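For reference, the structure is listed below as structure tokens.
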Amino acid sequence: MNYWLFKTEPDEFSIDDLAKVGPEGECWEGIRNYQARNFMRDKVRVGDKVFIYHSSCKDVGIAGIGEIVKAAFPDPFQFNPTSKYFDEKSTQENPRWVAVQVAFIEKFDKLIPLSLLKQQPPLEDMVLVNRGRLSIQPVEEKHWQFILALKGQQLS
DNA sequence: GCCAACGTTGGC
DNA sequence: GCCAACGTTGGC
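Under my numbering, the first residue of the first sequence is numbered 1, with each subsequent residue one higher.
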């Protein structure tokens, strides 16, 4: 099993929204970055665990945990001319972009802020900390475990 | 809203 | 294939 971190803008879709959609989960669409696409297409598997990260908002950080319930399939929005995720160069035969389906597992009592993560020496080589801009990124197991322990230490 | 860092595009 | 120009992400 692999661990991941998926970014989302909570104004668009938050951990609370993910909790509401239930066990079928939410289609994680609109990823238009090749590196992120390659991770989803080649490495994300059913059962993988995902940190849900809130970006571009007042409180940025890890808000909770989700689980992959469906591996990569063509992102339906790339074929929809009215969608902002439409890609005219993508075809049904050879889709350029994929999506995965994510279900809710847990919302943290208290969001783990990016500022706190940046203070942790064991996380110095984490992708989130040293390469901020990737919206789908792998998380090493040692980092995953460390962050869960860090969460346990936080006052709620 | 600013701006740094990174990605993508396209001329050559 | 290089690289300048432009676009986007995302923290602050």
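Each residue gets a CB set at the ideal place from its N, CA and C atoms; glycine is no exception. Note that the structure is a prediction, hence the values are computed from the model and not measured.
Please go through the stretch 28-112 and give each complete beta strand (DSSP E) segment of 3 or more residues, from N-terminal end onward. 49-54 and 61-74
Using only alpha-carbon positions, find the residue among M40, P122, D125 and I31 that is nearest to S83. I31
Which of the three DSSP states, helix, strand or coil, is assigned to N120? Inspection of the sequence shows that residue 120 is occupied by Gln rather than by Asn. Reduced to three states, the DSSP call for Q120 is coil.
Proximal residues to N33 (C-beta, below 8 Å), its chain only, five neighbours per side dropped: L134, S135 and I136
Pairing CB atoms from the stretch 124-133 with CB atoms from the stretch 84-96, are three or more of them under 8 Å? no
Can you tell me whether Q137 is helix, strand or coil according to DSSP? strand
Span of the alpha helix (DSSP H), counted from its first residue to its last, around N130: V127 to N130
Checking the sheet assignment: what are the DSSP bridge partners for K142? None, per the DSSP bridge assignment.
7 Å Cβ cutoff met for E29 and D59: no
The alpha helix (DSSP H) that contains D17, what's its start and end? I15 to V21
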